[in-house]
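Asker: Take 652 as the starting number for the sequence shown in the numbering used here and just add one per residue. Here a beta-carbon is modelled for each residue, glycine too, at the ideal position from N, C-alpha and C. My questions all concern the structure below.
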Amino acid sequence: MKPSINVVLVSLLLLIDVISVCHGGGGGRGGGLSPVFYDKSCPQIERIVRNITWSMVAENSTMAPKLLRMHYHDCFVRGCDASLLLDSIRGNPAEKEAIQNSNIRGYEVIDEIKTRLEEKCPGIVSCADILALVARDAVSYQFGRPMWQVLTGRKDGRVSLSSEASINLPSAGANFTTLNQQFIGLGLNIIDLVALSGAHTIGVAHCAVFQRRLNVTGKGDIDPTLDPEYAEFLRTQCTNPGVAVALDANSSASFDSHYFAGLRQNKGLLRSDAALLTDRRSAYIVRRFEKFPVFMTYFGKSMKKMGSIGVITREEDGGEIRKNCRTIVTSLPGTDHFPGPLHHRVEKFTTEMKKHKVVVTGKIDPQKVLKKLRKKTGKRVEIVVDKEEQPKDASAEGNLTKPNVCPPFFDCFKESEILFMLSDENPNACCIMW
């Protein structure tokens, strides 16, 4: 029997991808990323990330799939910008609050790595780059060496919306057409779809996610694409929706290619797994990926491409370097001072991120500072100005007003669209808020 034109085209695509891998070619939209981005600014980054990640995985093997999944869920929503890591603020639930992310674990690992890097290289390494490196190292622990190259140079995003996660993350119940369209929309191809699905060789899924396959019409009938014996096994396991079952029926504790052998035995746990056999092109790739060296080569390449989705590499595009991966920087992104001619009169400032406060010492024009911060942030920011450093005629200019009595925190008055008040925490300062 002659091979179909689709299979021939996929074979050619696989060959092209191999050539690209051999010559260091990348994919996706990763302009500005580099394998040597931190060589001078933070040369110890990979060692620090690897040591902490491997220590965590050695202590708890279930951490590897969790950290890998975290990077995947981040990149598929707004690109690889660490928006998944941001905590919700009042009135704005973040991505991590979406039901698809309710079982994401491993935030504490990222926090520990970020804390260590801030000690060694303050204000240099982005949380988005940490996620990409951690995902690689979580998989690589088993092999004792890095399994693919990670390009770095990402900036952190400033927006995180639960609603976007609900829309953009692929569903465990999606069919092949839907999955393929989602991947194409992100600059990924059918090979990437199958390769990245291979991440399911480790990790678990809760019964609630796939239980409908065990009772398709409500009459106890199983999904016909599911192996009957495997389906009965799943029924014995799923005594309640919260029970976790291995995604790879053959070897869930090891990162290998047994997942693909399981698919061909109709033991794909999720409908989205089984969907890979419903298209001749993806089914052909599944067969090819049963050989681990082939799968691992393409998995590394696809992870590299995924890690380049929608990256932000410039502050002008809304990027920043967070000090804390859970919170956006409320000052000018990625700096420890006000740069440029607009703020040449400001000598220094520090940022207390949890309080959204900028403490400024020096001669400033609050209107200019406020205008810049309004443009760069969507949050209310408090600017604490040292009064003793202000010009003597500041009040006369209308830049600062000094009440005789410190008002309560929100008992402010308005002047030129800026609220001024005295700070109870710092009686020698005035606060500018909006």
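Does the distance from the C-beta atom of Leu928 to that of Arg915 stay below 9 Å?
Answerer: For Leu928 and Arg915, yes; Cβs fall inside 9 Å.
Asker: Who are the near neighbours of Val894 in its chain, counting only those whose CB is closer than 8 Å to its CB and skipping five residues on each side?
Answerer: Cβ within range, chain order: His857, Cys858, Gln888.
Asker: When the Cα of Gly730 is compared with those of Asn754, Arg973, Phe911, Lys956, which residue comes out closest?
Answerer: Considering only alpha carbons, the answer is Lys956.
Asker: Which whole runs of the alpha helix (DSSP H) in the segment 812 to 863 are 4 residues long or more, in chain order?
Answerer: Within the segment 812 to 863, the complete alpha helix (DSSP H) runs of at least 4 residues are 813 to 819, 827 to 836, 841 to 848, 858 to 861.
Asker: On the DSSP letters alone, give me the boundaries of the beta strand (DSSP E) that Val896 sits inside.
Answerer: Taken as a continuous stretch (DSSP letters only), the beta strand (DSSP E) holding Val896 covers 895 to 897.
Asker: Look up Trp799 in the DSSP assignment and say whether it is helix, strand or coil.
Answerer: DSSP places Trp799 in coil when its eight states are reduced to three.
Asker: Asn743 bridges to which residues according to DSSP?
Answerer: According to DSSP, Asn743 bridges with Ile740.
Asker: Which full runs of the beta strand (DSSP E) of 3+ residues lie inside the segment 864 to 947, going along the chain?
Answerer: Those beta strand (DSSP E) runs which fall completely within the segment 864 to 947 and span 3+ residues are 895 to 897.
Asker: Straight-line CA distance for Phe827 to Asn975?
Answerer: Cα to Cα, the separation comes out at about 38 Å.
Asker: Terminal residues of the continuous alpha helix (DSSP H) containing Val700?
Answerer: It spans 696 to 710 - the alpha helix (DSSP H) in which Val700 sits, taken as one unbroken run.
Asker: Mind checking who Ile963 pairs with in its DSSP beta bridge?
Answerer: Note: Ile963 sits in a beta bridge opposite Lys806.
Asker: Out of Glu748, Asp872, His724, point me to the one whose CA is closest to Gln610's CA.
Answerer: Here the chain covers residues 652 to 1085 and nothing more, so residue 610 does not appear.
Asker: DSSP beta-bridge partners for Ser685?
Answerer: Paired residue(s): Thr803.
Asker: Give every residue of the same chain whose Cβ lies closer than 8 Å to the Cβ of Gly849, excluding the five residues on either side of it in the sequence, and list them in chain order.
Answerer: Same-chain partners within the cutoff: Ser908, Tyr910, Phe911, Phe940, Phe946, Phe950.
Asker: Do His722 and Gly969 come within 9 Å of each other at the CB atom, strictly closer than that value?
Answerer: Cβ distance not < 9 Å, so Gly969 and His722 don't count as in contact.
Asker: Helix, strand or coil for Asn752 per DSSP?
Answerer: Three-state result, Asn752: helix.
Asker: Apart from the five residues just before and just after Val937, which ones in its own chain have a Cβ nearer than 7 Å to its Cβ?
Answerer: So the list reads Val845, Phe911, Leu914, Arg915, Leu927, Leu928, once near-sequence residues are dropped.
Asker: Would you call the segment 753 to 762 in contact with the segment 792 to 811, where contact means no fewer than 3 C-beta pairs closer than 8 Å?
Answerer: The segment 753 to 762, when compared against the segment 792 to 811, does not touch it at the 8 Å Cβ threshold.
Asker: Can you give me the C-alpha to C-alpha distance between Leu865 and Glu880, rounded to a whole angstrom?
Answerer: Cα-Cα distance, rounded: 12 Å.
Asker: Please look up how many angstroms separate the CB atoms of Val728 and Leu820, rounded, as I've assumed it's under 8 Å.
Answerer: 6 Å between Cβ atoms; contact.
Asker: DSSP three-state call for Thr766: helix, strand or coil?
Answerer: In the structure shown, Thr766 sits in a helix (DSSP, three-state: H, G or I).
Asker: Should Thr868 go down as buried or exposed, given a rule of 16 or more other Cβ atoms within 10 Å for buried?
Answerer: Counting Cβ neighbours within 10 Å, Thr868 comes out exposed, since fewer than 16 surround it.
Asker: Quick check on Asp690: buried or exposed, where buried means 16 or more other Cβ atoms within 10 Å of its Cβ?
Answerer: With fewer than 16 Cβ atoms within 10 Å of its Cβ, Asp690 is classed as exposed.
Asker: Taking the straight line between their C-alpha atoms, what separation do you get for Lys747 and Pro944?
Answerer: Approximately 34 Å, taken between the alpha carbons.
Asker: Compare the Cα-Cα distances from Ser923 to each of Glu971, Arg809, Ala825 and report the closest residue.
Answerer: When each option's Cα is compared against that of Ser923, the closest is Ala825.
Asker: For Pro716, report the span of its alpha helix (DSSP H) as first-last.
Answerer: That run of the alpha helix (DSSP H) goes 714 to 726.
Asker: Please report the straight-line C-alpha distance between Met714 and Ile761, rounded to a whole angstrom.
Answerer: Each residue's alpha carbon lies about 12 Å from the other.
Asker: Can the beta-carbon of Arg787 be found less than 9 Å from the beta-carbon of Val776?
Answerer: No; because the gap between Cβ atoms is not below 9 Å, this pair is not in contact.
Asker: Please report the straight-line C-alpha distance between Ala745 and Ile818, rounded to a whole angstrom.
Answerer: The alpha-carbon atoms of Ala745 and Ile818 are separated by roughly 13 Å.
Asker: Please report how far the alpha carbon of Leu784 lies from the alpha carbon of Val700, in whole angstroms.
Answerer: Answer to the nearest angstrom: the Cα atoms are 7 Å apart.
Asker: Assuming Lys765 contacts Ile740 (C-beta within less than 8 Å), just tell me the rounded distance between them.
Answerer: Wrong, their Cβ atoms sit about 19 Å apart, outside the cutoff.
Asker: Judging by CA-CA distance, which residue of Leu718, Cys726, Gly804 is the nearest neighbour of Ser692?
Answerer: Selected option, being the one with the closest Cα: Gly804.
Asker: Smallest Cα separation from His851: which of Ala816, Glu697, Lys918?
Answerer: Minimum Cα distance to His851 is reached at Lys918.
Asker: From the DSSP output, which residues share a beta bridge with Glu759?
Answerer: Glu759 is not bridged to any residue.
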